[in-house]
Each structure stands twice: as structure tokens, then as C-alpha cells.
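Visitor: Residue numbers (the working numbering): 3 to 40.
1) Closer than 7 angstroms by C-beta to residue 6: which residues in its own chain qualify, once you throw out the five before and the five after it? Chain order, please.
2) What number of angstroms, rounded off, separates the C-alpha of residue 35 from the C-alpha of residue 13?
3) Residue 4 lies in the alpha helix (DSSP H); which residues open and close that run?
4) Which whole-angstrom value describes the C-beta separation of residue 17 and residue 10, a residue pair presumed to lie in contact below a C-beta threshold of 8 angstroms?
In C-alpha cells form, the structure reads like this:
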């Protein structure tokens, strides 16, 4: 996760909407998994 953000911010990789949406879904999935274990 951090690698993708670092690549976009520091290395100037493309941040197209599809890529950002995919990252958002990954983050939401991780949050959902953490919430479901409590």
C-alpha cells in the first residue's frame, strides 16, 4: 500500500481515477477486516 502511494507522490507515476479507486477499495477492505475482528 505504501509503495503505491510513494510511487505516485515521489516518483510521479500516473494517478488516474481507476488506480486511485483501486487503492481506496484496498484501504476500505483492510479497514473492514480490522473492524470485523473486534
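Every residue, glycine too, gets a C-beta built ideally from N, C-alpha and C.
From a predicted model like this one, the values you see are computed outputs, not experimental measurements.
Guide: The structure says:
1) Locating residue 6 in the chain shown gives position 4, counting from the first residue. Cβ within range, chain order: 25.
2) On the chain shown, position 33 is the one that residue 35 refers to. On the chain shown, position 11 is the one that residue 13 refers to. So the two alpha carbons sit approximately 30 angstroms from each other.
3) For the purposes of this step, residue 4 is identified with residue 2 of the chain shown, where counting begins at 1. Residues 4-12.
4) Numbered from its first residue, the chain shown carries residue 17 at position 15. Numbered from its first residue, the chain shown carries residue 10 at position 8. About 5 angstroms separates the two Cβ atoms, so the contact holds.
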